[in-house]
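Peer 1: Below: one structure in structure tokens.
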Ligand SMILES: [Mn+2]
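Numbering (my numbering), first residue to last: 70 to 330.
Next comes the structure, spelled out in structure tokens:
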């Protein structure tokens with residue numbers, strides 16, 4: 070680990086929700102946050118639902134988001150690795166971001182050792198037991214044949230359709246969810262993982278409900294929150310993991326801290 074460096078995690082920007090015009094202030098706010106962290110960021114992990122809807126063609130990408138995309142390119146060009154996880158809203162990120170922005174795309178949960186602690190990182194949708202209907206939907210969305218067929222639609226139609234569908238989905242209607250602790254599938258999933266392997270920090274997006282939820286004395290589940298309402302992120306320096314709220318011009322607020330034992 071480099072001296073004084075940190076690793077940052079954020080998720081659920083839902084850029085484009087409810088439309089490009091209204092999401093622009095959010096995009097700009099997130100960019101100023103990326104500017105502030107770029108001084109000490111060793112890596113940046115964006116854990117899904119970065120876009121409210123994204124579909125890219127082999128030669129065509131959706132309009133908009135140029136400030137955000139430029140900022141990400143600036144970070145990767147300066148040597149800071151940036152990771153994009155696909156969320157349930159932006160499953161269809163193919164190779165554009167890797168090729169154009171130099172980010173690493175993750176479509177499945179990953180386990181990483183970061184400054185000596187073991188992390189499991191995922192968007193979090195569809196993990197754990199139950200919810201067969203949603204899992205079927207996810208299988209459909211990730212089917213290469215259906216993706217190929219969708220790409221045969223004219224982009225004016227497919228992107229209109231995708232945006233309509235996304236805005237009307239339940240995750241956009243209920244912007245904040247209360248994290249229900251042991252009743253959440255993700256808690257069951259995390260506890261199940263802990264039976265095979267020690268994980269210090271499980272970091273998830275998706276629930277839009279920022280919390281550090283202790284699973285045991287040595288393991289914590291972190292839900293990052295979102296950039297629609299809470300403007301929260303997590304930061305790891307090798308000693309403490311903090312959940313923070315970005316609220317310029319005021320100093321960032323510490324919502325929760327957990328020490329690494
Ligand atoms: Mn989301």
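Every residue, glycine too, gets a C-beta built ideally from N, C-alpha and C.
Which residues, in chain order, sit with a beta-carbon under 5 Å away from any heavy atom of ligand 1?
Peer 2: Here the list is 81, 118.
Peer 1: Return the CA-CA distance between residue 72 and residue 174, expressed in angstroms with no decimal places.
Peer 2: As a working mapping, residue 72 is identified with position 3 in the chain shown. As a working mapping, residue 174 is identified with position 105 in the chain shown. Taking the straight line joining both Cα atoms gives about 27 Å.
Peer 1: Just tell me which of 194, 233, 77, 116 has its CA closest to the CA of residue 108.
Peer 2: As a position in the chain shown, residue 108 is number 39, starting the count at 1. Of the listed residues, the one whose Cα sits closest to residue 108 is 77.
Peer 1: With burial defined as no fewer than 16 other Cβ atoms inside 10 Å of the residue's Cβ, what is the status of residue 302: buried or exposed?
Peer 2: Against the chain shown, residue 302 aligns to sequence position 233. Burial call: buried.
Peer 1: Roughly how many angstroms separate the alpha carbons of residue 220 and residue 140, rounded to a whole number?
Peer 2: If you number the chain shown from 1, residue 220 lands on position 151. If you number the chain shown from 1, residue 140 lands on position 71. C-alpha separation (whole angstroms): 28 Å.
Peer 1: I'd like to know whether the C-beta of residue 125 is nearer than 8 Å to at least one C-beta of chain C.
Peer 2: Looking for chain C here will not work: only one protein chain is present.
Peer 1: Put residue 132 into one of helix, strand or coil per three-state DSSP.
Peer 2: Here residue 132 refers to the residue found at position 63 when the chain shown is read from its first residue. If DSSP states are grouped into helix, strand and coil, residue 132 belongs with coil.
Peer 1: Check whether the stretch 173-189 and the stretch 199-210 touch, using three or more Cβ-Cβ pairs below 8 Å as the test.
Peer 2: No contact exists between the stretch 173-189 and the stretch 199-210.
Peer 1: Please report the residue range of the beta strand (DSSP E) in which residue 181 lies.
Peer 2: Locating residue 181 in the chain shown gives position 112, where the first residue counts as 1. Note, residue 181: beta strand (DSSP E), 179-183.
Peer 1: At 3 residues or longer, and completely inside the stretch 84-152: list those beta strand (DSSP E) runs for me, N to C.
Peer 2: Here the runs fully enclosed are 110-115.
Peer 1: Would you mind working out which of 185, 102, 122 sits nearest residue 308, comparing C-alpha positions?
Peer 2: Taking the first residue of the chain shown as position 1, residue 308 is located at position 239. Nearest of 185, 102, 122 to residue 308, Cα basis: 185.
Peer 1: Hey, how far is the Cα of residue 293 from the Cα of residue 276?
Peer 2: Position 224 of the chain shown, counted from the start, is the residue given in the question as residue 293. Position 207 of the chain shown, counted from the start, is the residue given in the question as residue 276. The alpha-carbon atoms of residue 293 and residue 276 are separated by roughly 8 Å.
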